[in-house]
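Peer 1: Before anything else, here's the structure in question.
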Amino acid sequence: MLGRKHFVYEMNRNAKALDMKHTRFDNPTGLGDIYNKSTAEDLGKLCTAAMRLPKFREVVSCKEYSCVARAADGSERKYAWRNSQKLLHSGYNGIKTGDTPNAGICLASSIEVDGHFLVVVLLKSESFPARWTETEALKTWIVKELSTVNKKE
31 MLGRKHFVYE MNRNAKALDM KHTRFDNPTG LGDIYNKSTA EDLGKLCTAA MRLPKFREVV
91 SCKEYSCVAR AADGSERKYA WRNSQKLLHS GYNGIKTGDT PNAGICLASS IEVDGHFLVV
151 VLLKSESFPA RWTETEALKT WIVKELSTVN KKE
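Using the numbering used here, the first residue of the sequence shown is number 31, and each one after it goes up by one.
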């Protein structure tokens with residue numbers, strides 16, 4: 031197994047190790063392939079595992095990044111990226127924005143609330159602007175449910 035095939039094999043092996051029972055990867059990008067399958071629950075497991083990695087947390091929470099690339103001929107070009115995760119300015123830690131034919135407009139994000147580390151995975155959002163408010167509404171619901179559970183204990 032070389033290259034792409036081996037990489038996809040490792041993706042599926044890692045998904046199994048994370049107990050992602052409803053996930054199957056058929057290509058490394060997850061895009062443009064009807065055989066790539068996952069659920070919000072499984073993506074939440076993946077995001078939780080990834081957020082345990084300090085470098086991953088650093089990268090996904092970065093609001094802007096720039097660098098200078100040097101070509102073989104010695105010329106330089108400056109590149110700049112701006113994170114499209116608008117909730118970074120509201121205490122969220124980022125993770126991934128997206129839009130695919132099967133999952134629609136998506137957002138996976140994390141935030142710490144009252145000592146609880148929350149991962150919110152939103153699939154099939156109503157629109158690009160709505161994904162921010164829908165994620166905030168999900169977070170509010172989760173916090174309310176957590177407080178209900180904590181009161182019962």
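Ideal Cβ placement from N, Cα and C applies to all residues, glycine included.
Let's see if you can read the secondary structure: which residues bound the beta strand (DSSP E) around residue 112?
Peer 2: Per DSSP, residue 112 belongs to the beta strand (DSSP E) from 106-112.
Peer 1: Which residue wins for smallest C-alpha separation from residue 111, given the options 102, 122 and 96?
Peer 2: The candidate whose alpha carbon is nearest that of residue 111 is 96.
Peer 1: By a C-beta neighbour count over all protein chains shown, 10 Å radius and 16 as the cutoff for buried, is residue 181 buried or exposed?
Peer 2: It is exposed - the Cβ of residue 181 has fewer than 16 other Cβ atoms within 10 Å.
Peer 1: What span of residues does the beta strand (DSSP E) with residue 100 cover, start to end?
Peer 2: Here the beta strand (DSSP E) through residue 100 covers 94-100.
Peer 1: Once the 5 residues before and after residue 51 are set aside, which same chain residues still bring their CB inside 8 Å of it?
Peer 2: For residue 51, where only same-chain residues beyond five positions count, the Cβ hits under 8 Å are 72.
Peer 1: Please name the residue or residues paired with residue 136 in a DSSP beta bridge.
Peer 2: Paired residue(s): 128.
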